Amino acid sequence: MARELKERVNRPAAQVRAAFLDQNDPNGPPPPMAQLVRGGRGGEVKLKIALSLLWVAVGEPHDVVAAARAWAMLIGLPDPGGRGAQRVNAAIRQLAKLKLIKVEAKVGGPPRILLLEDSASGLPYTLPGQRIVELKQKGDDFGRHRYFKVPSELWTQGWIATLGGPALAMLLILLSRASGRQQEAIWFSPGIADAHYRLSEETRRRGLDSLRALGLVTVSRRPLTTSLLAAPRRRNVYTLREDVLFDTAPSVKRDV
Numbered sequence: 003m004a005r006e007l008k009e010r011v012n013r014p015a016a017q018v019r020a021a022f023l024d025q026n027d028p029n030g031p032p033p034p035m036a037q038l039v040r041g042g043r044g045g046e047v048k049l050k051i052a053l054s055l056l057w058v059a060v061g062e063p064h065d066v067v068a069a070a071r072a073w074a075m076l077i078g079l080p081d082p083g084g085r086g087a088q089r090v091n092a093a094i095r096q097l098a099k100l101k102l103i104k105v106e107a108k109v110g111g112p113p114r115i116l117l118l119e120d121s122a123s124g125l126p127y128t129l130p131g132q133r134i135v136e137l138k139q140k141g142d143d144f145g146r147h148r149y150f151k152v153p154s155e156l157w158t159q160g161w162i163a164t165l166g167g168p169a170l171a172m173l174l175i176l177l178s179r180a181s182g183r184q185q186e187a188i189w190f191s192p193g194i195a196d197a198h199y200r201l202s203e204e205t206r207r208r209g210l211d212s213l214r215a216l217g218l219v220t221v222s223r224r225p226l227t228t229s230l231l232a233a234p235r236r237r238n239v240y241t242l243r244e245d246v247l248f249d250t251a252p253s254v255k256r257d258v
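Position 190 of the sequence shown, counting from 1, maps to 192 under this note's numbering, and the rest follow consecutively.
See the structure below:
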């Protein structure tokens, strides 16, 4: 199914606004991703559906009509025609409550899902890359539309089904931090992670451990200071192996 959708999408990557992960306001509400991943396994389904909609509904008017069973198959849920479809429908209702989508019921068929801006502003959706070009031409500020890219191989190579919620969340963070920088080691302090992404330490640890086990991230230790007088202290830095996404994802049996 993912390969069929890629023909419809006809883009090498999904564009995701940085504000989906990072509201950059410690006094404001948690960013959409943090709100989605809360709630354990239900959070994983919500995050995967939200991300998949950003990948699929790229053409104006940025809408899609597809059965819940199809979404369940795309993200690798068991029993896609039964319990899997029910979980997708529950996730769609939550995405609507968070103002990430608008749902229009259709008699005798699946609903029409209309994208709203992925910052959860409730505004109509626009492709961030296109919006930045328009605002630059006018000389207007475009900061709220800054974005990063998620390769289509996340879906076409099966990674969307293989990755758990914490791993997918951390992959998105690493993709956003590595945007435009190839093979650069990334470090972020717990304080920065708390303030910007609002993910628990356990979620971050589980996600990074899973990415490392799957070969999507390498971890190395680097000194915090080069001073000979200071006590030796080191920190973990992470290098995203985005090229691994182009390989077929391993089949991992998980309780999702």
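For glycine and all other residues, C-beta sits at the position ideal for the given N, C-alpha and C.
What you are looking at is a predicted structure, and each value in this text was computed from that prediction instead of being measured.
- When the Cα atoms are used, Ala36 and Gln96 turn out to be separated by approximately 13 Å.
- In the three-state DSSP reduction, Gln25 falls in the coil class, being neither helix nor strand.
- C-alpha of Ile134 to C-alpha of Gln25: approximately 18 Å in a straight line.
- A direct Cα-to-Cα measurement between Asp196 and Thr205 gives close to 11 Å.
- Taking the CA atoms as reference points, Glu119 sits about 15 Å from Ile51.
- Beta-bridge annotation (DSSP): Lys104 is paired with Leu116.
- In the three-state reduction of the DSSP assignment, Val221 falls in the strand class, which pools E and B.
- At a Cβ-Cβ threshold of 7 Å, Ala59 and Asp65 count as neighbours.
- Assignment of Phe150 by DSSP, reduced to helix, strand and coil, places it in the strand class.
- Under the DSSP definition of a beta bridge, Tyr240 partners with Ile188, Val221.
- With respect to the C-alpha of Tyr240, the residue from Val246, Val219, Ala251 having the closest C-alpha is Val219.
- If only uninterrupted beta strand (DSSP E) runs of at least 3 residues are considered, those enclosed by the segment 62 to 99 are 65 to 67.
- For the pair Pro32 and Lys104, the Cα-to-Cα distance works out to about 21 Å.
- Looking at the backbone, the Cα of Phe150 and that of Ala21 are separated by about 10 Å.
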